[in-house]
Amino acid sequence: MITIFKTANRRLEEIQKPEPGCWVNVVDPSDEELAWLIQEFPWAEEYHLDPLDIDEKARAERDEDVLFTLIKIPHFQGKKDEAPFVTIPMGVIQNNDYFITITKEDNVIVNEFENNRVKNLQTQKHYRFLLLILLKTATKFLAHLREINKTVDQIEDDLQLSMRNQDIFDLLKYQKVLIYYTTALKSNELMMARLNRLQLLRTYEEDEELFQDVVTEFQQAIEMTNIANNILLQMTSAYASIINNNMNKIIKTLTLITIVLYVPTLISSFFGMNVIIPGQTSSSAFAWILGISLTLSATILFIFMRRRWF
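Position one of the sequence shown corresponds to residue 484 (our numbering), numbered consecutively onward.
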């Protein structure tokens with residue numbers, strides 16, 4: 484899908500054909516749409532396919548007046564059996580006249596701009612537009628991390644009440660999410676360093692301030708991800724130890740019960756032999772056998788309790 488926008492009267496409005504100063508947004512393009520992009524923007528042809536590869540890393544490249552920036556953005560996929568949050572690449576291709584974004588999936592970052600939820604957006608100011616995308620990306624990372632922390636806290640409360648396998652699996656899913664986010668944020672950090680060296684996003688004083696805000700937000704997201712990841716690792720390790728400890732207690736209890744019950748079984752097996760046994764003709768033989776068995780079992784149980792094995 485391809486949509487074209489341009490800022491008019493401080494609002495983003497959709498237009499039918501590309502013109503200088505516009506924004507061309509491409510989402511999961513078909514072969515026909517890719518052919519149209521090559522025809523309309525031949526100077527950006529070599530960058531069209533890179534953002535469609537889910538495994539591409541963030542980077543920034545400059546070729547004469549063309550700047551290509553690939554950003555790893557957070558994406559909520561909401562699949563029940565998989566990690567709920569992942570990262571996908573977004574390609575930003577720009578020159579003096581056009582600003583193009585390409586993504587594989589429809590995402591919240593683009594939707595924020597399409598719905599006019601971003602202030603001070605002017606599609607003609609390409610470097611400012613790129614900075615706003617980077618800032619929105621960093622803030623969405625932080626928003627997702629806060630949501631992840633709340634969900635993990637809820638899972639922790641559930642685990643304290645009942646140790647279920649599903650809760651452990653949910654923790655592992657969010658641990659995978661944090662690994663995705665850590666990798667993406669580090670990749671974005673390297674990309675930001677590359678943009679900083681190019682000195683393209685600091686043309687104006689207000690752009691310099693916005694660039695510093697972007698750097699600060701990304702650093703905060705990295706620190707928050709590292710903290711959450713460390714907490715989740717310790718939590719997972721702690722619950723694994725608790726599960727092992729509970730299992731050991733169950734096995735220990737069953738073993739002790741088996742030992743206590745084994746004594747009456749052993750005695751009764753002797754009196755079940757087809758040989759002459761003293762007292763077998765006595766009318767109170769069963770009572771004596773039962774009493775001896777219970778006494779020995781109670782003695783063994785008392786010894787175990789004195790040693791705190793039970």
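Where is the CB? At the ideal position from N, CA and C, for every residue including glycine.
Quantities reported herein were computed from a predicted structural model and do not represent experimental measurements.
Note to self: Within 10 Å of its beta-carbon, does Ser670 have 16 or more other beta-carbons around it, so buried, or fewer, so exposed?
What the structure shows: Around the beta carbon of Ser670, a 10 Å sphere encloses 16 or more other beta carbons of the protein chains shown; the residue is thus reported as buried.
Next item on the list: Round the Cβ separation of Ala450 and Ala621 to the nearest angstrom and send it over; I've been treating them as touching at under 8 Å.
Entry: No statement about residue 450 is possible, as the shown extent of the chain runs from 484 to 793 and does not include it.
Checklist line | Own chain residues within Cβ distance below 8 Å of Ser752, not counting five before or after | finding: Counting only Cβ-Cβ distances below 8 Å, and skipping sequence neighbours, we find nothing.
Next item on the list: Name the residue from Tyr664, Pro525, Gln637 and Ile616 whose alpha carbon lies nearest to the alpha carbon of Val697.
Entry: For Val697, the nearest C-alpha among the options comes from Ile616.
Next item on the list: To the nearest angstrom, report how far apart Arg601 and Ile521 are at their CA atoms.
Entry: First, the amino acid is wrong: residue 601 is Val here, not Arg. So the two alpha carbons sit approximately 29 Å from each other.
Checklist line | Integer-rounded CB distance, given that Asn713 should sit under 8 Å from Thr665 | finding: With 8 Å as the limit, Thr665 and Asn713 do not qualify as a contact, their Cβ atoms being about 11 Å apart.
Notebook entry, point to check: Which two residues bound the contiguous alpha helix (DSSP H) that contains Asp514?
Noted result: In the DSSP assignment, Asp514 falls within the alpha helix (DSSP H) that extends over Asp514 to Glu523.
Next item on the list: List the endpoints of the continuous alpha helix (DSSP H) containing Ile794.
Entry: Since the displayed the chain opens at 484 and closes at 793, residue 794 lies outside it and no answer follows.
Next item on the list: Report the partner residues of Tyr581 according to the DSSP bridge assignment.
Entry: In DSSP, Tyr581 forms a bridge with Cys505.
Checklist line | For Pro572: DSSP bridge partner residues | finding: In the DSSP assignment, Pro572 forms a beta bridge with Lys555.
Notebook entry, point to check: By a C-beta neighbour count over all protein chains shown, 10 Å radius and 16 as the cutoff for buried, is Trp506 buried or exposed?
Noted result: Under this definition Trp506 is a buried residue.
Checklist line | Cβ-Cβ distance between Phe551 and Tyr581 below 7 Å | finding: Taking 7 Å as the cut-off, the beta carbon of Phe551 is found no closer than this to the beta carbon of Tyr581.
Next item on the list: Measuring alpha carbon to alpha carbon, tell me which of Leu553, Met573 and Val569 ends up nearest Ile560.
Entry: The amino acid occupying residue 560 in the given sequence is Gln; Ile does not appear at that position. If you compare the alpha carbons of Leu553, Met573 and Val569 with that of Gln560, the shortest gap goes to Val569.
Check: What residues match up with Arg680 in a beta bridge as DSSP calls it?
Finding: Arg680 pairs with nothing; no bridge assigned.
Item checked: Per-residue DSSP class, three states only, for Asp696 -> Here Asp696 sits in helix by DSSP.
Next item on the list: From the DSSP output, in three-state form, read off Ile498 for me.
Entry: Here Ile498 sits in strand by DSSP.
Note to self: Given a cut-off of 7 Å on the beta-carbon distance, is the pair His558 and Ile571 in contact?
What the structure shows: The answer is yes: Cβ separation under 7 Å.
Check: Can you name, in chain order, every residue of its own chain whose Cβ lies under 7 Å from the Cβ of Ile555, other than the five neighbours on each side?
Finding: Before going further, note that residue 555 is Lys rather than Ile in the sequence given. Result list for Lys555: Ala541, Thr570, Pro572, Ala667, Ser670 and Asn671, in chain order.
Check: Opposite Phe488 in the DSSP bridges: which residues?
Finding: Beta-bridge pairing links Phe488 to Glu497 and Trp506.
Next item on the list: Would you list the residues sitting across from Arg542 in a DSSP beta bridge?
Entry: Checking the DSSP bridge columns, you'll see Arg542 partnered with Leu553.
Check: Once you ignore the five residues that flank Lys619 on each side, which residues in its own chain have a CB closer than 8 Å to its CB?
Finding: Counting only Cβ-Cβ distances below 8 Å, and skipping sequence neighbours, we find Ile592, Glu595, Phe596 and Val601.
Notebook entry, point to check: Can you tell which of Phe652, Pro512, Gln637 and Leu661 has the C-alpha that lies nearest to the C-alpha of Lys587?
Noted result: Checking every option, the nearest Cα to that of Lys587 belongs to Pro512.
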